[in-house]
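Asks: One structure coming up, written as structure tokens, with questions to follow.
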Amino acid sequence: MNINIDNARVEITLIEHSASPDFKLLEEMEGNPKYMVTDYKEAFAKAPAFTRICLTVHTSPKSDFQMEAWLPDAEAWNRRTMTVGNSGSAMTVNHLALLGALMDGFASFHCNLATKDDLDRGIDNPEIWKDFGWRATHLTTKIGKQIVQLQYNSS
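For the sequence shown, position 152 (counting from the first letter as 1) is numbered 155 according to the working numbering, and the numbering increases by one without interruption.
Shown next, in the form of structure tokens:
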């Protein structure tokens, strides 16, 4: 899969399918306090099968962000996309928001707004502020649309 975006370099870091015995997401969520408030394992058991694509988008020499695309298998896809958010500094990808969109049949996308694990990393770095302010969300949507075209062979 090759993603082309002007003024950014896109690196695919993981592609996995939820039906695979090597599916890593639930392992990543295990023990994370962010997921203690919900029974995410039960929710995942009810979710349609999907492909998870993790990417790092390098927007400048001084900034990058992580994003994920969750693509339901073709028979469960509602032919629509949704970029989900989190109302503030992400620091990580919001898997529960992606899961909610997936349950409704959307091909869905989310990014960490370039905040990673340190909210202060943007201090005195205008490139990170651009990613946080608008660029990461904009590029997540553009990249997501390209992924959908490639995955489902549609426009």
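Note that beta-carbon positions come from the ideal geometry of N, C-alpha and C, so glycine has one too. Note that the structure is predicted; figures quoted are calculated from it, not measured.
Is it buried or exposed for M69, if we count other Cβ within 10 angstroms and need 16 for buried?
Replies: For the record, residue 69 in the displayed sequence is Gln; it is not Met. The residue in question, Q69, is buried, as its Cβ has 16 or more Cβ neighbours within 10 Å.
Asks: Using the Cβ count rule (16 or more neighbours within 10 Å means buried), how would you classify T16?
Replies: Burial call: exposed.
Asks: Can you look up P51 in the DSSP assignment and give me helix, strand or coil?
Replies: In the structure shown, P51 sits in coil (DSSP, three-state: anything other than H, G, I, E or B).
Asks: From the DSSP secondary-structure annotation, give me the bridge partner or partners of P75.
Replies: Answer by DSSP bridge pairing, in chain order: F53.
Asks: For M70, write down the residues that DSSP places opposite it in a beta bridge.
Replies: Paired residue(s): L58 and C114.
Asks: Taking DSSP as the reference, what is the three-state secondary structure of V13?
Replies: In the structure shown, V13 sits in a strand (DSSP, three-state: E or B).
Asks: Would you kindly check if the distance between the Cβ of A46 and the Cβ of L99 is under 9 angstroms?
Replies: Yes. Within cutoff.
Asks: If you measure between the beta carbons of T54 and E19, is that distance less than 9 angstroms?
Replies: Yes. Within cutoff.
Asks: Go to M106, then tell me how far its beta strand (DSSP E) extends in each direction, as first and last residue.
Replies: Careful: M106 lies outside any beta strand (DSSP E), inside the alpha helix (DSSP H) at H98 to M106.
Asks: Between the region 66 to 81 and the region 141 to 158, are three or more C-beta pairs nearer than 8 angstroms?
Replies: They touch, by the three-pair rule.
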